[in-house]
């Protein structure tokens with residue numbers, strides 16, 4: 004196991020470098036950051052040249068990337084065009100988005116897996132048909148429609164929640180935004196769990212466990228569910244980074260100042276340092292989440308062993 008983890012960590016290095024390089028190149032070709040910094044009125048040539056020197060934009064692109072990576076390993080993610088450190092923006096944005104992601108993941112696990120098990124064990128029955136139709140509707144409706152609808156009904160008309168989240172963004176305030184963020188993924192988790200349960204229900208080891216006289220709940224939880232969760236865990240592990248990076252719409256609707264909000268502002272203002280810094284951290288989240296998922300396979304299925 005130790006050698007496997009070491010090998011995976013070494014494999015993450017070129018993936019991280021390649022991903023950050025691609026992000027750096029894409030962000031730097033999306034527009035002129037100096038033009039975005041100057042606003043509607045174009046900067047005069049002298050001011051533009053001074054700003055480029057100040058932010059290192061007058062150097063070749065490869066040299067800018069080398070400088071960025073060198074600073075990155077010292078914990079310096081650069082400075083936004085407003086003079087604020089990118090690490091300071093991360094310190095305020097990531098805790099909020101992490102709380103939002105935790106709420107969304109809990110919805111996926113609790114509701115998605117539960118509905119998937121119920122429908123997988125009762126495949127073809129009315130409850131199965133109803134859940135399948137419900138998940139199809141959730142997948143078909145865009146997230147911004149779901150978010151605006153819940154905000155209008157629960158926040159404006161019925162007054163059950165605040166239409167916009169406060170600056171503190173407590174877990175209680177993030178329940179509805181977390182449900183909106185997790186809605187599509189929750190539907191996929193339900194369908195994925197249902198398919199996996201229905202397929203493994205006919206496996207030999209399940210029939211053997213039933214023939215041995217084991218209680219039904221033990222057969223379902225200890226044998227059937229444990230082996231059926233492998234594809235679900237794979238999806239949820241990859242979805243952690245996707246939820247954090249894809250929360251732009253949800254955070255805009257509920258006025259949450261998290262990662263999505265900062266990415267939106269960075270793209271809107273062509274603030275390359277902010278965008279590259281935040282996406283770099285999201286790349287690390289993806290890599291670590293995938294490593295943890297691979298290690299969790301051995302816990303769920305004893306037949307999987309890493310040399």
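In this note's numbering, the protein residues as written are 4 to 310. C-beta: ideal position from N, C-alpha, C; glycine also.
Residue 88 is bridged by DSSP to 82.
Only exposed fits residue 169, as fewer than 16 other CB atoms lie within 10 angstroms of its CB. Membership of residue 77 in any alpha helix (DSSP H) is not indicated, and neither H nor E is assigned to it by DSSP. For residue 194, the enclosing alpha helix (DSSP H) has its first and last residue at 178-203. Using a Cβ-Cβ distance cut-off of 8 angstroms, the stretch 276-288 and the stretch 65-80 are in contact, since at least three pairs of beta carbons, one from each stretch, lie closer than that value. In this structure, the straight-line span from the alpha carbon of residue 246 to that of residue 134 is close to 23 angstroms. Contact check for residue 123 against residue 198 passes: the beta carbons are separated by less than 9 angstroms. The C-alpha of residue 264 lies about 6 angstroms from the C-alpha of residue 255. Distance check between residue 268 and each of 101, 96, 76, 22 places 96 closest, using alpha-carbon atoms only.
Check the Cα spacing between residue 226 and each of 28, 200, 242, 158: the tightest is with 200. Here DSSP, grouped into helix, strand and coil, assigns residue 55 to helix. In the structure shown, residue 243 adopts helical secondary structure according to DSSP, grouped into three states.
Annotation for residue 20: the continuous alpha helix (DSSP H) segment containing it runs 5-31. The three-state secondary structure of residue 107, taken from DSSP, is helix. Taking 9 angstroms as the cut-off, the beta carbon of residue 179 is found no closer than this to the beta carbon of residue 146.
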